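Going by our numbering, the sequence shown opens with residue 96, and the numbers climb by one from there. A virtual CB, placed ideally from N, CA and C, is assigned to each residue, including glycine. Everything numeric in this text was worked out from a predicted model, so none of it was measured. For reference, the structure discussed in these notes is given below.
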Amino acid sequence: MKRSELFFNVLLVPVDAAAIVLGFLSAYWLRTTSDVIYLIPIQAYVTFVLSVLPLILIVFALEGLYTVHSGRRGVDEIAGIVVGTSLGVLLVIAAIFLSNTEIGSRIVLLYAYLLSLMLVLVGRWVLRSIQRFLYRFNVGVHRVILLGRTEQTTHVRNEIVSNAQLGYIYLGQIDSSPTLHSTVGPFDRRLGDINHLEEVLDQYRPDELIVTTTDLSDQQLLDLLALVKRRRIDLKLTSSLLGVQTARIQYLSMAGLPMFEVLRTPLVGWGKVAKRAMDVVGSVLALVIFSPLLLAVALAVGLTSPGPIIYRNRRVGQEGVEFDTLKFRTMRQEFCTGVAYGGSDALDYEQQLIALQNSRTGAVYKVANDPRLTPLGDFLRRSSLDEFPQFFNVLLGTMSLVGPRPHQPREVVKYAPWQRQLFTIKPGVTGLAQISGRSELDFDEEARLDISYIEHWTFWTDLRILLRTPLALIRSRTRKAA
Numbered sequence: 096m097k098r099s100e101l102f103f104n105v106l107l108v109p110v111d112a113a114a115i116v117l118g119f120l121s122a123y124w125l126r127t128t129s130d131v132i133y134l135i136p137i138q139a140y141v142t143f144v145l146s147v148l149p150l151i152l153i154v155f156a157l158e159g160l161y162t163v164h165s166g167r168r169g170v171d172e173i174a175g176i177v178v179g180t181s182l183g184v185l186l187v188i189a190a191i192f193l194s195n196t197e198i199g200s201r202i203v204l205l206y207a208y209l210l211s212l213m214l215v216l217v218g219r220w221v222l223r224s225i226q227r228f229l230y231r232f233n234v235g236v237h238r239v240i241l242l243g244r245t246e247q248t249t250h251v252r253n254e255i256v257s258n259a260q261l262g263y264i265y266l267g268q269i270d271s272s273p274t275l276h277s278t279v280g281p282f283d284r285r286l287g288d289i290n291h292l293e294e295v296l297d298q299y300r301p302d303e304l305i306v307t308t309t310d311l312s313d314q315q316l317l318d319l320l321a322l323v324k325r326r327r328i329d330l331k332l333t334s335s336l337l338g339v340q341t342a343r344i345q346y347l348s349m350a351g352l353p354m355f356e357v358l359r360t361p362l363v364g365w366g367k368v369a370k371r372a373m374d375v376v377g378s379v380l381a382l383v384i385f386s387p388l389l390l391a392v393a394l395a396v397g398l399t400s401p402g403p404i405i406y407r408n409r410r411v412g413q414e415g416v417e418f419d420t421l422k423f424r425t426m427r428q429e430f431c432t433g434v435a436y437g438g439s440d441a442l443d444y445e446q447q448l449i450a451l452q453n454s455r456t457g458a459v460y461k462v463a464n465d466p467r468l469t470p471l472g473d474f475l476r477r478s479s480l481d482e483f484p485q486f487f488n489v490l491l492g493t494m495s496l497v498g499p500r501p502h503q504p505r506e507v508v509k510y511a512p513w514q515r516q517l518f519t520i521k522p523g524v525t526g527l528a529q530i531s532g533r534s535e536l537d538f539d540e541e542a543r544l545d546i547s548y549i550e551h552w553t554f555w556t557d558l559r560i561l562l563r564t565p566l567a568l569i570r571s572r573t574r575k576a577a
């Protein structure tokens, strides 16, 4: 850990606190300038703000906003701030309601939320700008070497090189075998191979070593762990190395024998009850709030393209049980697959398109520049408005608000055995893979993310994913437009 990054991380706490307090006080001042009003005295209001401030800062900490060298890109930190501020203010509102606290005009909370969010973003932008300026003088940067020559190596290298704000300096790459000569990416800084690892570390003195290969033996991994400990080098492993073997392990005793139980998911017992309660409440609220939009889209689909407004598509859900997902129809009816639509002709045409225009690797396909879409359907797909009827699936219990995306039976038959763990829980309208850039991920990586979600589920995780989903959609559309 660099001293400078620890300093800046510690400094974030008072900066955030000052921004939040200033936001709440500015909101109070704005309300006093209007004609309305009933507000509690300023002394009582300040006491209230200072009492809820620790709650908001705790939410920020749980959101990872004070993690030292989290490796977050700027846009991810912004998303975290929006999520943290939103959850913090929601908890403040809940605290006001439960404690029957009187603060006067409720609109002051909306002002406080918007102003606090803006001021926290500004405060952090100032601090991060100072950090980035210091990076130019190698203050606080992490010197990184990659071990491996794989697609993951290419991805990590490109992220480091193209995101200077992460605070990394790419020193080069080490081959995992002295006989490895094939190349996957533009490795312009080959430093050697694993047989000369110690010499390379002596020469370049990295702060971090990132392993991006699965070619290492158990003994090589043990030796590597011992080596980085001796040299006080941070070691990181990419998800492809660990695969999906990250399940929760619970220690227990059976008949006096110590044992470890591998838990499939925390979604049992009260966790299952809590998630279902969130699904029912969330889907009802979404259907009520967005009912005018749903009606408008339904009317537009019916007027612009003959055929049914809702498209039912067979998918595989929890425990491998098939069900119909509900979507607004985005294609001309004769191109929709299914007996009730275009039948075998539509399926044959889709197979031709997959062979020519598939943009994804793995079991799941995605037709790029799909010619079957109507003009309105193309907009609905890009904005994800076509998926809004899936809130009915959630209400009926065949889907959840958050979970892995459901896939078609003909895609599921191509799953690897480990990917069938996706059927442990209900599929979701959104999920960890969606907010992580699903369209840019291959299916193996998507499955790893979703399985990690299944194995480490918390109620808090679902809230974070739900709040991050609109931001992820905006970011995805912006990237595609660019």
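- If you check the CB distance, P301 and E417 do not come in under 8 Å.
- M494 carries a coil assignment under DSSP once its states are collapsed to helix, strand and coil.
- Shown here for I137: same chain residues with a beta carbon closer than 8 Å to its own, the five before and five after excluded, namely Y123 in chain order.
- For F232, the three-state secondary structure derived from DSSP is coil.
- The C-beta of G364 has fewer than 16 other C-beta atoms within 10 Å across all chains shown, which makes the residue exposed.
- If you look at E429, you'll find it isn't in any beta strand (DSSP E); DSSP assigns it neither H nor E.
- Around the CB of Q315, fewer than 16 other CB atoms lie within 10 Å, so the residue is classed as exposed.
- Between the beta-carbon of G457 and that of D545 there is about 13 Å, and that puts the pair past the 8 Å contact cut.
- Per the coordinates, the alpha-carbon of V239 lies some 20 Å from the alpha-carbon of D310.
- Residue pairing for G287: DSSP places it in a beta bridge opposite I269.
- Pairing T519 with I560 gives a Cβ-Cβ distance that is not under 8 Å.
- According to DSSP, E197 shares a beta bridge with no other residue.
- Fully enclosed beta strand (DSSP E) runs of no fewer than 3 residues occupy 237-242 of the segment 218-262, in order along the chain.
- Between R407 and L421, the alpha-carbon positions lie close to 5 Å from each other.
- The C-alpha of G523 is placed about 6 Å away from the C-alpha of R500.
- Checking the DSSP bridge columns, you'll see R407 partnered with L421.
- DSSP, reduced to helix, strand and coil, places E158 outside both helices and strands of the structure shown, so it counts as coil.
- Closest option to L496, judged by alpha-carbon separation, among D171, G437, R563, I135: R563.
- In the three-state DSSP reduction, L468 falls in the strand class (E or B).
- Look at T456 here: in three-state DSSP terms it is coil, with no helix or strand label.
- Distances from the alpha-carbon of D539 to those of Q516, L448, K521 put Q516 closest.
- Contact between R244 and Q268 holds, since their C-beta atoms are separated by about 7 Å, short of 8 Å.
- Judged by DSSP secondary structure, V462 falls outside any alpha helix (DSSP H); it is assigned neither H nor E.
- Put simply, of T307, L216, I198 the residue whose alpha carbon is nearest the alpha carbon of T249 is T307.
- Note: L448 is not bridge-paired with any residue in the DSSP secondary-structure output.
- According to the DSSP assignment, L330 belongs to no alpha helix (DSSP H) but to the beta strand (DSSP E) extending over 329-332.
- When beta bridges are read from the DSSP output, T525 appears opposite V497.
- In this structure V236 does not touch Y208 by the C-beta definition: roughly 35 Å separates them, more than the 8 Å allowed.
- A distance below 8 Å between beta-carbons, with the five flanking residues on each side excluded, links S378 to the following residues of its chain, in chain order: F486, F487, V489, L490, L496.
- Of the candidates A189, G218, V217, S194, A189 places its Cα closest to the Cα of L204.
- Residues of the same chain with a CB within less than 7 Å of the CB of I404, apart from the 5 flanking positions on each side, are A393, V396, G397, F423, R424 in chain order.
- Separation of L185 and Y548 (C-alpha to C-alpha, rounded to the nearest whole angstrom) is 24 Å.
- According to the DSSP assignment, V105 belongs to no beta strand (DSSP E) but to the alpha helix (DSSP H) extending over 98-127.
- In this structure, the CA atom of F102 is about 12 Å from the CA atom of V234.
- By the Cβ neighbour-count rule, I384 is exposed, with fewer than 16 other Cβ atoms within 10 Å of its own.
- In this structure, the straight-line span from the alpha carbon of W552 to that of A542 is close to 15 Å.
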